[in-house]
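**Student:** Going by the numbering used here, the first residue of the sequence shown is number 313, and it counts up by one from there.
Positions of the beta carbon are idealized from the N, C-alpha and C atoms, including for glycine.
Fair warning: this is a prediction, and the values are worked out from it, not measured in the lab.
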Amino acid sequence: MKRLPPLRLLNVFETVQRAGSAKQAAAELNVSQSAISQALRQLEEHIGTALFDRSTRPARLTEAGDILLKAVVENRERLSEAIGDIHALASHAGASVTVACTIGFATYWLMPRLEAFYLDHPDIVVNVQTTQLEAPRMAPGTDIAIRFGGGKWSDGETQHLFDELIEPVCSPNLSERLAGESKDLATVPLIHVDFPDPNWMTWSDYFAHTGQKPAKSAKGLRFSNYVQAAQAALSGRGIMLGWRSTNGDHVKRGLLVPFGLPVMHPNSRFYISLSHRSRNPDTAQVVIDWLKKTAEAEIS
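#1: To the nearest angstrom, how far is the alpha carbon of G572 from that of P480?
#2: For the stretch 372-383 against the stretch 349-363, do three or more pairs of beta-carbon atoms, one drawn from each stretch, fall closer than 8 angstroms, so that the two count as touching?
#3: Compute the distance between the beta-carbons of V438 and A418, then report whether it is under 7 angstroms.
#4: Who are the Cβ neighbours of E608 in its own chain at under 8 angstroms, not counting the five residues just before and after it?
#5: Tell me where the beta strand (DSSP E) around P480 begins and ends.
#6: Might you give, ordered along the chain, the residues of its own chain that have their beta carbon closer than 6 angstroms to the beta carbon of S408, omitting 5 neighbours on each side?
#7: Would Q471 and I584 be called neighbours here (beta carbons separated by less than 7 angstroms)?
#8: Quick check on this structure: which residue in S557, A544, E476 and P318 has the alpha carbon closest to the alpha carbon of L502?
#9: Could you tell me the distance, in whole angstroms, from the CA atom of V575 to the CA atom of L477?
#10: How many angstroms separate the CA atom of A451 from the CA atom of P578?
#11: Have a look at R330 and A447 and give me their C-alpha separation to the nearest angstrom.
#12: Are Y518 and L568 closer than 7 angstroms when you measure CB to CB?
#13: With burial defined as no fewer than 16 other Cβ atoms inside 10 Å of the residue's Cβ, what is the status of T361: buried or exposed?
#14: Tell me where the alpha helix (DSSP H) around A337 begins and ends.
#15: Just to confirm the assignment, what range does the alpha helix (DSSP H) spanning Q540 have?
#16: Grouping DSSP H, G and I as helix and E and B as strand, with all else coil, what is L533?
#17: Assuming A412 and T454 are in contact, meaning their beta carbons sit under 8 angstroms apart, how far apart are those beta carbons, in whole angstroms?
#18: What are the residues that DSSP puts in a beta bridge with M576?
In structure tokens, the structure reads:
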């Protein structure tokens, strides 16, 4: 078996895709842009195939690049979970609570609201643990899980957080460019997110639930997580299925706009669960009560 590439090369590769360009990745990693390009070349040489199609501007991932990116993101998240679990096993701090949720939910819903939480509860530290699963497991050290599903889990006390709604959204600029075209999605680029989770809603699910014609166009982009897809939508690269939980703030701020197609109300909902094994159940309940109150206030 061929040895794995050096982790630093995989880190550069993932950072370029997450940041959106080699220039932004160089700034994030505090290295030169030429160092980024050299690292990507070294990674391609190690693997033995091209990871980028450099005939396009900006360069896009090849099929091999897509496969590698998905593996890197998934394994990085698993490693982060493992390290978090290890730290949690060694930590008994009463004012620390660990919340598990998807990376999209953490980035676009939970983290922005924690700023206000800390103003109300400056003595409580909330650690966020991200996962690919829409219904995160209660790992050792996890106090709270925010989950999308049917609400029936046996590993904690579960309460309804809020209902979800899903509708096609895109950037205002793309909406203006497509204003005179048909709304049947047959000729416009769609942004897909490939999630290994049965609760995840895809374009096929949307077409089936809303009675829309399935898109026949081959145009589109595929991503392995919602954050990458959202960045592509914000950049005007296509239309994505916008979830209120993750794109709601973007729509409120006018960064994304509804494309004018039916809203989908999935059968699954968002729930918040307090682990039966939580070491800090009283503190965790304070976090749960605050998040529920915040969600209710935003929806009402």
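**Tutor:** Straight from the coordinates:
#1: 8 angstroms
#2: Inter-segment contact for the stretch 372-383 and the stretch 349-363 is present: three or more beta-carbon pairs are separated by less than 8 angstroms.
#3: Contact flag unset, no.
#4: F474
#5: I478 to C482
#6: V437
#7: yes
#8: When each option's Cα is compared against that of L502, the closest is A544.
#9: 7 angstroms
#10: 27 angstroms
#11: Spanning the two alpha carbons is a distance of roughly 24 angstroms.
#12: no
#13: exposed
#14: A334 to L341
#15: Y538 to L546
#16: In this structure, L533 counts as strand in the three-state DSSP scheme.
#17: Rounded, the Cβ-Cβ distance is 5 angstroms, consistent with contact.
#18: Its beta-bridge partners are I478.
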